[in-house]
Amino acid sequence: MLAYHALIRTHHITSRKKVARLKAAAKQLQCYALLRSGGIPGVMYVRGSDQAQVQKWVDNVHGLRYKDYQLVAPVATIAGAGSQSGFAKEGILQEVETMKEMAAHMERQGIQRWWRAAMGFANE
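Residue numbering for the sequence shown follows the working numbering, beginning at 318 and increasing consecutively.
Encoded structure:
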């Protein structure tokens with residue numbers, strides 16, 4: 318089964334109201350979202366089985382007008398090991414506090430190289 322994902326970087330993610338809206342959007346659109354919140358930078362990863370739903374979630378984020386919004390990895394098919402493994406149940410939003418925790422999530426799913434390249438941490 319194909320899966321799609323995207324990665325967004327912002328200045329920070331601190332507004333609980335915005336996070337609540339993103340959580341509701343993840344549930345409605347049946348996407349899994351992982352947020353690095355509470356500090357600089359804010360990072361949002363989203364994945365789902367329907368490309369249009371993942372794009373709608375990304376559009377929701379853009380509509381919230383986060384400071385320094387950057388779509389660092391547009392919606393695309395997940396390549397390699399990451400496309401086969403179940404990241405998490407769709408329809409939920411999960412938060413982590415550190416980049417180290419986020420990197421660990423990405424490594425467990427086999428997409429750490431993609432994530433590091435998109436974030437500008439490694440040359441691809």
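By construction, the Cβ of each residue, glycine as well, lies at the ideal position given by its N, Cα and C atoms.
Are the Cβ atoms of residue i and residue j separated by less than 8 Å?
i	j	result
Gly365	Cys348	yes
Val371	His322	yes
Val413	Leu324	no
Lys373	Leu410	no
Asp273	His328	Nothing about residue 273 can be read from this structure; the chain reaches only from 318 to 441.
On the CB-based measure, 16 or more other CB atoms within 10 Å of its CB, does residue i come out buried or exposed?
i	result
Glu407	buried
Ala343	buried
Ser354	buried
Gln387	exposed
Ile357	exposed
Just confirm the distance between the C-beta atoms of residue i and residue j, as a whole number of angstroms; I'd bet it's less than 8 Å.
i	j	result
Val336	Met361	No, Val336 and Met361 are not in contact; Cβ-Cβ is about 10 Å, not under 8 Å.
Ile428	Ala320	Wrong, their Cβ atoms sit about 10 Å apart, outside the cutoff.
Suppose the cutoff is 7 Å on Cβ atoms and the five residues either side in sequence are ignored; what does the same chain contact list for residue i look like?
i	result
Met318	Ser366
Take residue i and list the residues in its own chain whose beta-carbon comes closer than 8 Å to its own, dropping the five residues that flank it on each side.
i	result
Val392	Tyr321, His322, Ala323, Gln368, Val371, Gln372 and Val375
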